[in-house]
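Trainee: Handing you a structure now.
And the structure:
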């Protein structure tokens with residue numbers, strides 16, 4: 034009777050596959066979204082990132098040092114302070130905050146689990162880019178007018194022109210993101 038049961042029972046085969054990848058590489062677990070990197074919005078986002086980084090470096094390079102008046106005897110003989118124009122400070126603040134957010138947006142889009150990033154379809158994306166367009170436009174024009182009227186060096190003028198390039202990039206990115214959000 035035992036023989037009858039074993040011959041009429043279905044046979045189940047269990048196959049196990051073992052992964053022998055090296056677990057020391059932390060990027061083995063993440064897939065890079067190459068579709069976003071090669072898309073129009075991805076290339077535009079990295080171009081904006083490059084322009085804003087160049088703008089930040091140029092505006093920081095223009096920060097002038099001047100000798101401060103010594104008002105306290107405990108200070109050393111030579112005290113260095115930083116002289117910065119209001120427009121430059123505004124552009125630095127906009128640029129730093131922008132770089133922080135745009136790097137986070139780029140990293141999350143690159144490591145997105147979907148084949149196409151969901152970020153361009155959200156309201157946050159096109160509102161962010163339109164706000165950055167306005168802030169970079171104000172900062173770039175403000176610094177350009179101040180630097181031309183004060184006869185400052187070409188470094189800050191170049192920085193303000195890169196701010197205007199960032200502004201144009203944000204305008205195009207915001208328009209494409211808005212059009213993409215309507216495709217949902």
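Numbering (my numbering), first residue to last: 34 to 217.
Where a beta carbon is used, it is the ideal one built from N, C-alpha and C, also for glycine.
Hey, out of 128, 216 and 206, whose CA is closest to residue 160's CA?
Mentor: Considering only alpha carbons, the answer is 206.
Trainee: Can you give me the start and stop residues for the alpha helix (DSSP H) that residue 67 sits inside?
Mentor: Run containing residue 67: 67 to 70, per the alpha helix (DSSP H) assignment.
Trainee: May I have the straight-line CA-CA distance separating residue 169 from residue 196, to the nearest angstrom?
Mentor: In a straight line, the C-alpha of residue 169 is about 6 Å away from that of residue 196.
Trainee: Going by the beta-carbon positions, is the gap between residue 85 and residue 152 smaller than 8 Å?
Mentor: Cβ distance not < 8 Å, so residue 85 and residue 152 don't count as in contact.
Trainee: My output table needs one value for residue 42: the three-state DSSP class, helix, strand or coil.
Mentor: In this structure, residue 42 counts as coil in the three-state DSSP scheme.
Trainee: Given that a residue counts as buried once 16 or more other Cβ atoms are within 10 Å of its Cβ, and exposed if not, what is residue 88?
Mentor: Looking at its Cβ environment, which holds 16 or more other Cβ atoms inside 10 Å, residue 88 is buried.
Trainee: Check the C-beta distance from residue 92 over to residue 128 and give it rounded, since I have them as a contact under 8 Å.
Mentor: Residue 92 to residue 128, Cβ: 7 Å. Contact.
Trainee: Nearest by alpha-carbon distance to residue 199: which of 178, 42 and 80 is it?
Mentor: Out of 178, 42 and 80, 80 has the C-alpha closest to the C-alpha of residue 199.
Trainee: What is the DSSP secondary structure of residue 73, reduced to helix, strand or coil?
Mentor: In this structure, residue 73 counts as helix in the three-state DSSP scheme.
Trainee: Identify whether residue 58 lies in helix, strand or coil by the three-state DSSP scheme.
Mentor: The predicted model places residue 58 with a pLDDT of 49, which falls under 50 and marks its position as unreliable; any figure quoted below should be read in that light. Of the three classes helix, strand and coil, the one that applies to residue 58 here is coil, per DSSP.
Trainee: Could you check if residue 127 belongs to the surroundings of the ligand HEM, using beta carbon to heavy atom distance under 7 Å?
Mentor: No copy of the ligand HEM occurs in the structure displayed, which carries no ligand at all.
Trainee: My assumption, with CB atoms under 8 Å, is that residue 69 sits in contact with residue 143. Please give the rounded CB distance.
Mentor: 6 Å between Cβ atoms; contact.
Trainee: I need the DSSP call for residue 144, collapsed to helix, strand or coil.
Mentor: Residue 144: coil per DSSP, three-state reduction.
Trainee: Below 8 Å on the Cβ atoms is my contact criterion, and I expect residue 180 with residue 190 to pass it. Report the Cβ-Cβ distance as a whole number of Å.
Mentor: Their Cβ separation, rounded to whole angstroms, is 5 Å, which keeps residue 180 and residue 190 in contact under 8 Å.
Trainee: Would you report the Cα separation of residue 209 and residue 156, rounded to the nearest angstrom?
Mentor: Approximately 12 Å, taken between the alpha carbons.
Trainee: Closest to residue 167 by CA distance: which of 193, 203 and 141 is it?
Mentor: Of 193, 203 and 141, the residue nearest in Cα terms is 203.
Trainee: Using a Cβ-Cβ cutoff of less than 6 Å, which residues in the same chain neighbour residue 214 once the five nearest sequence positions on both sides are dropped?
Mentor: Answer for residue 214: 154, listed in chain order.
Trainee: Looking at residue 176: is its Cβ nearer than 8 Å to the Cβ of residue 121?
Mentor: Yes, these two residues count as a Cβ contact at 8 Å.
Trainee: Locate the alpha helix (DSSP H) running through residue 213, then write down its first and last residues.
Mentor: Unbroken alpha helix (DSSP H) run through residue 213: 187 to 215.
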